[in-house]
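Report on the following structure.
Next up, the structure:
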């Protein structure tokens, strides 16, 4: 597929190629091939850095795969960074309600500085009362897991 795209000699062909490579990287990650996934991510980052006027879906694809890679490696600081960058390039309307709720809960659990970013960026349709109940429930579950 990538070779066929290159053979067309169209302008701006690197965007769809990078998007396809990120799908391949995600497949490799799901198959447990972390080294191959990382190689594709490194190549993707280099390609992104060399391009201008990139479609947001290409950025979103890169950061989604990156977040899943770091999640698999349990490198949580990089996971959160990549996940937030993924959300920066993704329309909230394109996310399912359940995914929005999960993101909202995760943001709420990580302190007021992220909550401020989250309340501006994500605009979840969750009432404040629900937030209080969910946060309390999550704290109870976390406390019980350490006993």
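Numbering (the numbering used here), first residue to last: 73 to 219. Quick reminder that beta carbons are idealized off the backbone N, C-alpha and C, glycines included.
State the DSSP-derived secondary structure class of residue i, mapped to helix, strand or coil.
i           : result
residue 145 : coil
residue 166 : helix
residue 104 : coil
residue 124 : coil
residue 161 : coil
If you draw a straight line from the alpha carbon of residue i to that of residue j, how long is it in whole angstroms?
i           : j           : result
residue 120 : residue 92  : 14 Å
residue 113 : residue 107 : 10 Å
residue 103 : residue 164 : 29 Å
residue 150 : residue 161 : 17 Å
residue 126 : residue 115 : 16 Å
Within 10 angstroms of its Cβ, does residue i collect 16 or more other Cβ (buried), or is it exposed?
i           : result
residue 174 : exposed
residue 146 : exposed
residue 154 : buried
residue 140 : buried
Within its chain, find whatever has a CB closer than 7 Å to the CB of residue i; leave out the 5 residues flanking it on each side and keep chain order.
i           : result
residue 128 : 161
residue 197 : With a pLDDT of 42 at residue 197, under the threshold of 50, the modelled position of this residue cannot be trusted; read the value that follows with caution. Excluding sequence neighbours, residue 197 sits near nothing in its chain.
Tell me which same chain residues have a C-beta within less than 8 Å of the C-beta of residue i, skipping the five on either side of it?
i           : result
residue 132 : 158, 161, 162
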